[in-house]
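S.K.: Following this message is one structure expressed as structure tokens.
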Amino acid sequence: MSFNQELVQKIIKLKKEKNAVILAHCYQNIEIDEVADYVGDSLYLSQMAAKTDADIIVFAGVYFMAETAKILSPNKKVLLPSLKAGCLMADMINLEQIREFKAKHPNIPVVCYVNSTAEVKSEADVCCTSSNAVNVVKTLNVKDVLFVPDTYLGNFVKSKLNGEVNIIAYPGYCPTHLRITPKDVLEMKAKYPDAKVLAHPECHSEVVKLADFVGSTTAIMNQAKKSNEKTFIIATELGVVERLKRDVPDKEFILVSNKAICPNMKCHHLEDIYNALLYEQHEINVPNELIKSALKPIQKMIAINS
Ligand code: 13P
Ligand code: SF4
């Protein structure tokens, strides 16, 4: 694949001059990998944001990811290349709604998917990502859990724990993953009968049931790499398929549906990264009090995973 190499070199030079680090989620336009220091899923990127000693973090991801990076590294300048990069799932619950949800189900610990705003996180006991949600809920060692905002990830965790934990899930969802239907999976399976289906737990439960493996972005990529199988139907965002095709050229990867594209994740282009670094735009700020309260559940999650 050929990208604008001149621009790539300009970004790399500027990044060094400004002691900046570029974090990119696997759903980003693949050209971003040419300049990124770390590419991965939400958990990996939040761990990298906590560890980095750079002065500037350019986050090629969505708003909640940049906000999480700011909470973890409050003394660093965190930049989101395009302000259009929101997350529709994160916007499905606000401070008032989580407070109402908690009031309706009092004295139950709240597990909050990182795909949420800082205000919502500040009301939670612990955060999770799709790669550690089962472990986080298990570690709490309680009978009941409130899970926000993704109802499908909540249902997936419940099934993995054999119903041992009563998970009361908020009715949020990811519109991108819900565009993948059971019909899409069945049609692809009929077309590629030897293929294994790898799905993200944000998918609808009926899609998850049809999958051979369910896991986060990184888990899906690792499974495809280590498996002895040769053909895979990928039930998650396009970026995962593009990276697998690039990194594992001797295997075949089929995107389950051409609707599995997150428009918000595709907002950033190399030009936006360059402008972000050059003009130090668009800076993400979180009020100090909010940093303190949202940090606790994020740190608790990171501690569970370390
Ligand atoms: P992961 O990076 O945890 O797989 O999450 C997927 C996602 O939807 C990020 O917005
Ligand atoms: Fe949000 Fe879904 Fe896009 Fe992830 S894929 S950023 S959850 S809308």
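Residue numbering for the sequence shown follows the numbering used here, beginning at 22 and increasing consecutively. For each residue, glycine too, the CB sits at the ideal point set by N, CA and C.
Would you grab the beta carbon distance between Leu174 and Ala154 for me? Rounded to a whole angstrom, and I think it's under 8 Å.
M.R.: 6 Å
S.K.: Going by CA-CA distance only, name the one from Val169, Lys287, Val79, Ala232 that's closest to Thr150.
M.R.: Val169
S.K.: From which residue to which residue does the alpha helix (DSSP H) around Ile241 run?
M.R.: 238-247
S.K.: Should the region 249-265 be regarded as contacting the region 193-211, the criterion being three or more beta carbon pairs within less than 8 Å?
M.R.: yes
S.K.: Cβ atoms of Leu231 and Lys217: under 9 Å apart, would you say?
M.R.: no
S.K.: How would you call Asp76, buried or exposed, if buried means at least 16 neighbouring beta carbons within 10 angstroms?
M.R.: exposed
S.K.: Grouping DSSP H, G and I as helix and E and B as strand, with all else coil, what is Ala71?
M.R.: Helix.
S.K.: For His332, I'd like the list of residues in its chain whose CB is within less than 8 Å of its CB, leaving aside the five on either flank, ordered along the chain.
M.R.: Any property of residue 332 remains undetermined from this structure, which presents the chain solely from 22 to 327.
S.K.: Skipping 5 residues on each side, what residues in its chain have a beta carbon closer than 8 Å to that of Asn326?
M.R.: Leu64, Gln68, Asn153, Asn156
S.K.: Quick test of the definition: if touching needs 3 or more C-beta pairs under 8 Å, does the region 78-87 touch the region 129-139?
M.R.: yes
S.K.: Could you tell me if Pro192 is buried or exposed, where buried requires 16 or more neighbouring beta carbons within 10 angstroms of its beta carbon?
M.R.: Label assigned to Pro192: exposed.
S.K.: I'd like to confirm something about Val83: is its beta-carbon nearer than 8 Å to some heavy atom of the ligand 13P, or not?
M.R.: Within the cutoff, so yes.
S.K.: So does Leu101 have its beta carbon nearer than 8 Å to some heavy atom of the ligand SF4?
M.R.: no
S.K.: My understanding is that Ala245 touches Val269, with C-beta atoms under 8 Å, so please give their C-beta distance in whole angstroms.
M.R.: 6 Å
S.K.: Less than 8 Å between the CB of Thr150 and some heavy atom of the ligand 13P, yes or no?
M.R.: yes
S.K.: Let me check one thing: in DSSP terms, what residues is Lys217 bridge-paired to?
M.R.: Phe253
S.K.: In chain order, what residues of the same chain lie with their CB nearer than 8 Å to the CB of Lys98, ignoring the 5 residues before and after it?
M.R.: Asp76, Ile77, Ile78, Glu301, Glu304
S.K.: According to DSSP, is His46 helix, strand or coil?
M.R.: strand
S.K.: Go through the residues and name those whose CB comes closer than 7 Å to any heavy atom of the ligand COA, in chain order.
M.R.: Ligands displayed in this structure: the ligand 13P and the ligand SF4; the ligand COA is not among them.
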